[in-house]
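Residue numbering for the sequence shown follows full-length UniProt numbering, starting at 1 and increasing by one per position.
First up is the structure itself, then whatever we jot down about it.
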Amino acid sequence: MPVHKVRPDISVLNDSLEVPGIGHLPVNAFVLFASQPVVVDTGLGLPDRNFLETVGSVMDPADVRWIWLTHPDRDHTGGIFDLLAAAPEARVVATFLSVGLMSCERPLPLDRLHLINPGQTMDVGDRTLTAFRPPLYDNPGTVGFFDDRTGVCFSSDCFGGPMSSAELARADDVGAVGDEELRAAQLLWATVDSPWVQNVDAQKFRGSFQPLREREPELILSTHLPPAPGITGTMIDRLGSAAGAPAFTGPDQAALEQMLAGFEPTGGGQPASGTPDR
Numbered sequence: 001m002p003v004h005k006v007r008p009d010i011s012v013l014n015d016s017l018e019v020p021g022i023g024h025l026p027v028n029a030f031v032l033f034a035s036q037p038v039v040v041d042t043g044l045g046l047p048d049r050n051f052l053e054t055v056g057s058v059m060d061p062a063d064v065r066w067i068w069l070t071h072p073d074r075d076h077t078g079g080i081f082d083l084l085a086a087a088p089e090a091r092v093v094a095t096f097l098s099v100g101l102m103s104c105e106r107p108l109p110l111d112r113l114h115l116i117n118p119g120q121t122m123d124v125g126d127r128t129l130t131a132f133r134p135p136l137y138d139n140p141g142t143v144g145f146f147d148d149r150t151g152v153c154f155s156s157d158c159f160g161g162p163m164s165s166a167e168l169a170r171a172d173d174v175g176a177v178g179d180e181e182l183r184a185a186q187l188l189w190a191t192v193d194s195p196w197v198q199n200v201d202a203q204k205f206r207g208s209f210q211p212l213r214e215r216e217p218e219l220i221l222s223t224h225l226p227p228a229p230g231i232t233g234t235m236i237d238r239l240g241s242a243a244g245a246p247a248f249t250g251p252d253q254a255a256l257e258q259m260l261a262g263f264e265p266t267g268g269g270q271p272a273s274g275t276p277d278r
């Protein structure tokens with residue numbers, strides 16, 4: 001996983017995943033070097049990823065004090081139990097719903113939780129983190145936050161967009177993406193990740209961006225987008241238009257069979273795995 005700093009006190013742990021028919025989706029986690037260090041999400045749980053090793057490239061995992069789980073989807077929880085084992089003083093910051101959903105597969109240890117709701121704050125030593133519900137989300141437990149010291153917004157899935165290449169998905173700055181490509185990617189992701197957006201009241205939906213308008217974060221850090229400095233207003237206006245957008249329709253069985261037919265046969269007569277080159 002590539003790692004780069006976007007601020008002296010924030011590192012991006014970058015990964016990506018190719019989604020056939022959609023593009024290359026960034027999958028970011030973050031390290032916030034507060035006086036009580038915070039890891040934001042824990043990446044993919046695929047066998048060829050070692051999230052703990054990636055965290056170890058920027059800090060001693062034993063020094064982590066907080067693991068902010070924006071929601072319990074598997075692209076956010078891949079390394080959480082390894083990190084908890086390596087960071088004995090760390091606690092998981094999450095909503096009650098996120099903890100409940102995690103308990104359906106592998107429960108989080110209750111004595112290592114810090115439950116939080118949108119609007120509540122948390123002191124991490126040298127700064128205050130203010131939890132908020134991003135306007136777009138795919139999981140009812142979602143909670144992002146504002147870093148009140150730097151003004152950076154950690155937005156979970158909101159503002160994400162699939163990129164046309166793995167290189168763009170791992171870019172240091174979303175400025176590497178053309179304006180029209182970025183617009184199309186973010187509006188596509190809005191309908192893929194938050195399909196309910198087609199049914200919402202447009203005025204109420206636009207009003208859900210008000211916390212972002214009031215704070216005007218200079219930098220948006222989304223799980224599924226390269227770091228986005230200086231374009232918060234543009235992105236708010238863009239996604240504010242997503243209400244009522246047509247629903248995304250994914251490939252069907254006929255498309256799958258066509259895809260499989262295009263694979264080179266293996267010696268056993270089965271289609272090749274088609275595993276993308278990362």
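Note that CB positions come from ideal geometry on N, CA and C, so glycine has one too.
Around the C-beta of residue i, are 16 or more other C-beta atoms found within 10 angstroms, so that it is buried, or is it exposed?
| i | result |
| --- | --- |
| Ala254 | exposed |
| Pro134 | buried |
| Arg206 | buried |
| Trp68 | buried |
| Phe154 | buried |
| Gln203 | exposed |
| Arg170 | buried |
| Leu239 | buried |
| Thr249 | exposed |
| Pro72 | buried |
| Asp173 | exposed |
| Asp179 | exposed |
| Ala247 | exposed |
| Pro276 | With a pLDDT of only 45 at Pro276, under 50, the local geometry of the prediction cannot be trusted, and the value read off the model is given with reservation. When all chains shown are included, Pro276 counts as exposed. |
How many Å lie between residue i and residue j at the Cα?
| i | j | result |
| --- | --- | --- |
| Val12 | Ala29 | 6 Å |
| Asp63 | Cys104 | 29 Å |
| Ile229 | Glu218 | Residue identity differs from the one stated: residue 229 is Pro in this sequence, not Ile. Spanning the two alpha carbons is a distance of roughly 6 Å. |
| Asp138 | Met259 | 27 Å |
| residue 280 | Gly119 | Outside the shown range of the chain (1 to 278) lies residue 280, about which nothing can therefore be said. |
| Met122 | Leu84 | 20 Å |
| Leu108 | Met102 | 7 Å |
| Gly125 | Gln36 | 6 Å |
| Leu46 | Leu17 | 10 Å |
| Gly262 | Phe33 | 47 Å |
| Ile236 | Leu182 | 13 Å |
| Val6 | Ser156 | 17 Å |
| Pro61 | Ser165 | 31 Å |
| Gln210 | Ile220 | 15 Å |
| Asp111 | Ala245 | 43 Å |
| Arg127 | Val31 | 14 Å |
| Ala243 | Ala131 | 24 Å |
| Leu129 | Phe146 | 6 Å |
| Pro88 | Ser241 | 44 Å |
| Thr54 | Asp148 | 26 Å |
| Arg91 | Gly78 | 16 Å |
| Ala185 | Leu25 | 10 Å |
| Met1 | Arg213 | 32 Å |
Would you mind giving the Cβ-Cβ distance between residue i and residue j, rounded to the nearest angstrom? I have them listed as a contact below 8 Å.
| i | j | result |
| --- | --- | --- |
| Val58 | Val3 | 6 Å |
| Ser194 | Leu113 | Not a contact, Cβ separation roughly 27 Å. |
| Thr191 | Val200 | Between Val200 and Thr191 the Cβ distance is about 12 Å, and since that is not below 8 Å, they are no contact. |
| Trp66 | Val99 | The Cβ separation is near 15 Å, so there is no contact. |
| Pro162 | Gly23 | 3 Å |
| Gly21 | Pro251 | 5 Å |
Are residue i and residue j closer than 8 Å when you measure CB to CB?
| i | j | result |
| --- | --- | --- |
| His224 | Val27 | yes |
| Glu216 | Thr232 | yes |
| Leu52 | Asp15 | no |
| His76 | Asp48 | no |
| Gly175 | Ser222 | no |
| Gly144 | Thr70 | yes |
| Leu187 | Val177 | no |
| Thr95 | Ile116 | yes |
| Leu97 | Gly141 | yes |
Exercise for review: Mind listing, in chain order, the continuous beta strand (DSSP E) runs of no fewer than 3 residues lying wholly within the segment 176 to 251?
Suggested key: 219 to 221
Practice item. Give, in chain order, every unbroken run of the beta strand (DSSP E) that is at least 3 residues long and sits entirely within the segment 27 to 71. Key: Those beta strand (DSSP E) runs which fall completely within the segment 27 to 71 and span 3+ residues are 38 to 40 and 66 to 68.
Exercise for review: Would you mind listing the beta strand (DSSP E) stretches within the segment 81 to 113 that are 3+ residues and don't spill past its ends, in chain order?
Suggested key: Within the segment 81 to 113, the beta strand (DSSP E) runs of at least 3 residues that lie entirely inside it are, in chain order, 91 to 94.
Practice item. Counting only runs of 4+ residues fully inside the segment 117 to 169, write out the alpha helix (DSSP H) ranges in chain order. Key: 166 to 169
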